[in-house]
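Student: Per the numbering used here, the sequence shown starts with residue 289, numbered consecutively.
Idealized CB from N, CA, C, for every residue including glycine.
The structure presented is a predicted model; accordingly, all values stated were derived computationally and were not measured.
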Amino acid sequence: MTVDSSANSKEAYRHLQQQQQQQQQQQQQQQQQQQQQQQQQQQQQQQQQQQQQQQQQQQQQQQQQQHICTRETAEESATIPPLAAAAAAAAAATPRHQQQQQQQQQQQQQQQQQQQQQQQQTWLSSCISSSVICFAPRGFNANHSSGTAAAAAAAAAGCCCCFPAAAAAAVVAAAAAA
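#1: What does the alpha-carbon distance come out to for the pair Tyr301 and Gln341?
#2: Given His303, which residues of its chain have a CB within under 7 Å of its CB, disregarding the five upstream and five downstream residues?
#3: The ligand FAD and Gln394: does the residue's C-beta get closer than 7 Å to at least one heavy atom of that ligand?
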């Protein structure tokens, strides 16, 4: 019985030692995990700090650019010649309604140019469809070739300087280039 009891006590002691070792290993693993988490947190903090530094640098660059722009504009305004300064002052002194009128005139001119281009395209296509080649719209040249029904139809369509379609190839090429 003494032998059995001593053997049992040894096994129990070994079992306790194994449990303690396992617990120690688990604690070590937990400590390692905590250390890794702390390292990750430190890395995240470093990244955040880097991002903040980058943002600060960007803000500084923007401020520097704004300062440079304001300085350049100040230098440019200081170096404007007298005539240019007078013109700028006159433009600044121009009432708003005059500026609006100028803008409206420019818009009207653009619209007129577009209408003229459209008219030229229409009369050119109409003259070609009526077997007559035209160089310019009516009013561009007073020398209108009349006397034929095709020329009269072309004149009614707004063409002048008209020729029959059977004319020379140079006439056709010139009409296409017009």
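Tutor: Well, looking at it:
#1: 59 Å
#2: none
#3: Ligands in the displayed structure: none, and consequently the ligand FAD is not present.
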